[in-house]
Structures are given as structure tokens and as C-alpha cells.
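Each residue of the sequence shown is one higher than the last, beginning at 1 in full-length UniProt numbering.
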Amino acid sequence: MARSGVLYVHVAQAAARLVAAGHSPTIDRIRADLGGTGSKSTIAPLLKRWKSAHPGTVAQAELGLPAELVLAVKGVYEKVQADAVLQVEQAEQIHQAATAALQEQLQQAFVEHDALLTVQAQQAQAFIEANARIQVLAETVHRQEIALASLGSEKLGFEQRLTDRACEVASLTQQLQQAQVQSEHYQVSVAQQRADERQSAEQRHNHLEQELSALRQRLLAQQARLGELQAQEQRLAQDNDRLQSALLTTQDSLTQSRSAHEQAAFQLTELKRIHQALEQHHGANEQRLAEKRTSLAVTEKERSLLAERLTRAETQLTEVTTDKQLLLQEKAVLSSQLAEFRAQP
1 MARSGVLYVH VAQAAARLVA AGHSPTIDRI RADLGGTGSK STIAPLLKRW KSAHPGTVAQ
61 AELGLPAELV LAVKGVYEKV QADAVLQVEQ AEQIHQAATA ALQEQLQQAF VEHDALLTVQ
121 AQQAQAFIEA NARIQVLAET VHRQEIALAS LGSEKLGFEQ RLTDRACEVA SLTQQLQQAQ
181 VQSEHYQVSV AQQRADERQS AEQRHNHLEQ ELSALRQRLL AQQARLGELQ AQEQRLAQDN
241 DRLQSALLTT QDSLTQSRSA HEQAAFQLTE LKRIHQALEQ HHGANEQRLA EKRTSLAVTE
301 KERSLLAERL TRAETQLTEV TTDKQLLLQE KAVLSSQLAE FRAQP
């Protein structure tokens, strides 16, 4: 039992003063407030009795907050923590979905870009081959035009030679006629001479006839050759028309290819712009996620502090419960002693 020097009222008053000063009432502080009087074994049960009678005051003094406020803060903290975890999970899910969509769009853009590059390479190769073919055809046409011009010059030469031969034949025929006329005038006196001249003229005429026949044959051959050249010229003209048509077709195809290439370049530019926008959106999502994580870290720190304080409060509550049980036991002992005391005569 407590000594008569230190009573419960003294301990209660000291504890109240300590609480009012903002200090937690402990055995040492109670003893110091009482001026160093009283033993710890005497003060301890009295302090436990006071604490069991004033649990809210003890919690306020030790935690700096009322017990109801501690419970309310604990509930708010748990709700904030649950909301923060839910928001982080939702943000991570949205971020993962956006990242997957961005990766898929980027992969599709790369595939389309590779396909466009392949089509562009094929069109460039076709354009090069068409240009080479057009160049070869142009050289062929040029050579054929040169050959045709040469054949035309040769034809003109043959026609001029044929004209010269015809003039020569006409001149010889005229000379023959003149010789015949002269031979008639001098028939009597120059019969022998006429015969000689006639024979010579006939020989020359036969020779000229042979040359004329040869020239006619050569003329026929040249005409046949000319016909072949004209036919060849027609074929060359047809080939030239076909080449011109092929050139126009190739130019149209080249124009279409260039248009397709420009369209592909425009699509590629649009895809790059979309990719940059998606990257910016991704960066914004990353920044928001970092902010959420920072907020979650702050919340987690606050939760740790609150959990620590809650643990301390639970520990103190356990101590209070233990002290209450001890007080009940002491009360039971005191009641028993009081009953015995009253029962004495």
C-alpha cells in the first residue's frame, strides 16, 4: 500500500500540471514535480490509477492529439492510401495501354515506311531501265535515220547518173540520126565510109544499148532497194511511233511514281509528326506517373509516420489496459481489506 506521505490526490495534481505544460506524465516527472519525494513503487500504482481514469488526457499528452482525432486521422490516412494506390494502378494501366498503342502505331509506321521505300526503289529501278531503253531506242532511230539519209543520197546519185546516161543515149541517137542523114547525102561517094561508120555506130549503139540495159537493171535494182528502204522507213516510223508511245507511257508511269513517292513522303512526314506527338504524350504520361509516384512516396512517408504514432498509441493503450487490470486487482484487494476491516469488532 502507498505510504501516507504521497497520496493519490498529490499524484493526480502533478499529472494534471504536467499535461497542462504539454509533457507526458511519467514516474520520474511526477516525482520531480512533487519535489523528489515519494518512491517509484509508491508513485507507480497511483499514476496508473490516474491514467486509467483519464485515458483521453493521457493520449492527448503523449501523442499531442486527442484519441478521436487519432482515429479520424487513421481512417483518413487509410482512405488516402487506398485512393492513392488505386490512382497509381489506374495511371499505370493507362500508361501501359498508351505505351502498347504507341508501340503498335510505331511498328505499323515502320512497316509502311519500309514498304514505301521498297516501292520507291522498284519505281526508281523501272525508271532507270526505261531511260536506258529509251536511250537505246533513240540511238537506233538515229542510226536508222543516218542510214536512210545515206540511201537517199545514193538514190539521188543513181538517178543523176541514169539521167546522164539517158542524155548520152539521146545525144548518141541524135548523132546516129545525123550520121544516117549524112550517109544518105554521101551514099554514093562514101558508101564504104558509111558502112564503116554505121558498123561503128551500131557497135557504139549496141554498147550504149547494153549500158542502157545495165543502167535500167541497176535502176530497177535501185528502185527495189528504194522500195525496201521505204518499207524499212515505214517500219522505222512505226517503231518510232511505238517508242514515242512507250516513252509517253513511261513518262506517265514516272509521273505517277513521283506522285506516289511524294504522297508516300507526305505520309511519312505525317507519321513522323504523329510519332513525335505520341512521344510528347508519352513523356507527359511519364511525368504524370512520376508525380503520382512522388505523391505516393509522400503519402507512404506520412503513412509510416502515422503507423509509427499509431503503434505507439496502441502500445500505450495496452499499457493503460494493463494498468487498469492492476488497478482493478488492487481495488479488489482494497475492497477485500476494507470488508475485513469493517468486519472486525
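A virtual CB, placed ideally from N, CA and C, is assigned to each residue, including glycine. Because the structure is a prediction, the values reported are computed rather than measured.
Do three or more CB pairs link the region 3 to 17 to the region 47 to 55 at distances below 8 Å? yes
Pairwise C-alpha distance: Ala115 and Ala121: The residue given as residue 121 occupies position 121 in the sequence shown. The residue given as residue 115 occupies position 115 in the sequence shown. Near 10 Å, if we compare the C-alpha coordinates of Ala115 and Ala121.
For Val85 and Ser295, I'd like the C-alpha separation in whole angstroms. Looking up residue 85 in the sequence shown gives position 85. Looking up residue 295 in the sequence shown gives position 295. Roughly 10 Å separates the two Cα atoms.
Euclidean distance between Cα positions of His275 and Ile94: The residue labelled residue 275 in the question sits at position 275 within the sequence shown. The residue labelled residue 94 in the question sits at position 94 within the sequence shown. Taking the straight line joining both Cα atoms gives about 18 Å.
Any contact between the region 99 to 116 and the region 317 to 337? By contact I mean 3 or more CB pairs, one from each, below 8 Å. no
Quick check on Glu314: buried or exposed, where buried means 16 or more other Cβ atoms within 10 Å of its Cβ? As a working mapping, residue 314 is identified with position 314 in the sequence shown. Counting Cβ neighbours within 10 Å, Glu314 comes out exposed, since fewer than 16 surround it.
Quick check on Ile30: buried or exposed, where buried means 16 or more other Cβ atoms within 10 Å of its Cβ? Within the sequence shown, residue 30 is the residue found at index 30, counting from 1. It counts as buried.
For the alpha helix (DSSP H) that contains His10, what are its first and last residues? For the purposes of this step, residue 10 is identified with residue 10 of the sequence shown, where counting begins at 1. That run of the alpha helix (DSSP H) goes 8 to 20.
Residue nearest to Glu92 in terms of C-alpha spacing, selected from Asn285, Val320, Ala339: Numbered from its first residue, the sequence shown carries residue 92 at position 92. Comparing Cα-Cα distances from Glu92 to each of Asn285, Val320, Ala339, the minimum goes to Asn285.
Which residues in the same chain have their Cβ closer than 7 Å to the Cβ of Pro25, if we skip the five residues on either side of it in sequence? In the sequence shown, counting from the first residue as 1, residue 25 sits at position 25. Answer for Pro25: Ala15, Leu18, Val19, Leu47, Ala61, listed in chain order.
In angstroms, rounded to a whole number, what distance separates the CA positions of Gln287 and Ser304? By 1-based counting over the sequence shown, the position of residue 287 is 287. By 1-based counting over the sequence shown, the position of residue 304 is 304. Cα to Cα, Gln287 sits roughly 25 Å from Ser304.
If you run the structure through DSSP and keep just helix, strand and coil, what is Pro25? Position 25 of the sequence shown, counted from the first residue, corresponds to residue 25. Three-state result, Pro25: coil.
Presumed contact (8 Å Cβ cut-off) between Leu176 and His205, rounded CB distance: In the sequence shown, the residue the question calls residue 176 occupies position 176. In the sequence shown, the residue the question calls residue 205 occupies position 205. Yes, Leu176 and His205 are in contact; Cβ-Cβ is about 6 Å, under 8 Å.
Leaving out five residues on either side along the sequence, give the residues of the same chain with a beta carbon under 8 Å from the beta carbon of Ala98. By 1-based counting over the sequence shown, the position of residue 98 is 98. His281, His282, Asn285.
DSSP state of Ser189, grouped into three classes? Counting from 1 along the sequence shown, the entry for residue 189 is found at position 189. Correct three-state label for Ser189: coil.
Under a Cβ-count criterion, where at least 16 other Cβ atoms within 10 Å of its own Cβ denotes burial, should Leu338 be classed as buried or exposed? Taking the sequence shown and counting its residues from 1, the one referred to as residue 338 is at position 338. So Leu338 counts as exposed.
Residue range of the alpha helix (DSSP H) that Thr42 falls in? Position 42 of the sequence shown, counted from the start, is the residue given in the question as residue 42. Thr42 -> alpha helix (DSSP H) spans 40 to 53.
In three-state terms, what does DSSP make of Thr255? On the sequence shown, position 255 is the one that residue 255 refers to. In this structure, Thr255 counts as helix in the three-state DSSP scheme.
In this structure, how does DSSP classify Leu247 when only helix, strand and coil are distinguished? Here the question's residue 247 lines up with position 247 in the sequence shown. Residue state, collapsed to three classes: helix.
Mark Gly38 as exposed unless 16 or more other C-beta atoms lie within 10 angstroms of its C-beta, in which case mark it buried. Taking the sequence shown and counting its residues from 1, one reaches residue 38 at position 38. Gly38 should be labelled buried.
Give the secondary structure of Gln344 by DSSP, where H, G and I count as helix, E and B as strand, and everything else as coil. The residue labelled residue 344 in the question sits at position 344 within the sequence shown. Gln344: coil per DSSP, three-state reduction.
With C-beta atoms as the reference, is Glu134 less than 8 Å away from Leu236? One-based indexing of the sequence shown puts residue 134 at position 134. One-based indexing of the sequence shown puts residue 236 at position 236. Reading off the sequence, residue 134 comes out as Ile, not Glu. No. Outside cutoff.
How long is the line joining the alpha carbons of Glu211 and Phe127, rounded to whole angstroms? Here residue 211 refers to the residue found at position 211 when the sequence shown is read from its first residue. Here residue 127 refers to the residue found at position 127 when the sequence shown is read from its first residue. Distance between the alpha carbons of Glu211 and Phe127 is about 58 Å.
State the CB to CB distance for the pair Ala260 and Val119, rounded to an integer number of angstroms; the pair is presumed to be in contact (CB under 8 Å). Counting from one through the sequence shown, the residue named residue 260 turns up at place 260. Counting from one through the sequence shown, the residue named residue 119 turns up at place 119. Yes, Ala260 and Val119 are in contact; Cβ-Cβ is about 7 Å, under 8 Å.
Figure out for me which residue from Glu291, Ser200, Gln344 has the closest Cα to the Cα of Gln87. Along the sequence shown, read from residue 1 onward, the residue named residue 87 stands at position 87. Among Glu291, Ser200, Gln344, the Cα nearest to that of Gln87 belongs to Glu291.
Three-state class that DSSP yields for Gly35 in the structure shown: Residue 35 sits at position 35 when you count from the first residue of the sequence shown. In the structure shown, Gly35 sits in coil (DSSP, three-state: anything other than H, G, I, E or B).
Mark Arg194 as exposed unless 16 or more other C-beta atoms lie within 10 angstroms of its C-beta, in which case mark it buried. On the sequence shown, position 194 is the one that residue 194 refers to. With 16 or more Cβ atoms within 10 Å of its Cβ, Arg194 is classed as buried.
Under three-state DSSP, which class holds Gly5? Counting from 1 along the sequence shown, the entry for residue 5 is found at position 5. Coil, per DSSP.
Would Val215 and Arg165 be called neighbours here (beta carbons separated by less than 8 Å)? Here residue 215 refers to the residue found at position 215 of the sequence shown. Here residue 165 refers to the residue found at position 165 of the sequence shown. Checking the sequence, you will find Leu at residue 215 rather than Val. Yes. Within cutoff.
Whole-angstrom Cβ separation of Leu219 and Leu162, contact assumed at under 8 Å? Reading the sequence shown from its first residue, position 219 is the one you call residue 219. Reading the sequence shown from its first residue, position 162 is the one you call residue 162. Yes, Leu219 and Leu162 are in contact; Cβ-Cβ is about 5 Å, under 8 Å.
Among Arg198, His54, Gln160, which one has its Cα closest to the Cα of Gln178? Reading the sequence shown from its first residue, position 178 is the one you call residue 178. Cα-wise, what sits closest to Gln178 is Arg198.
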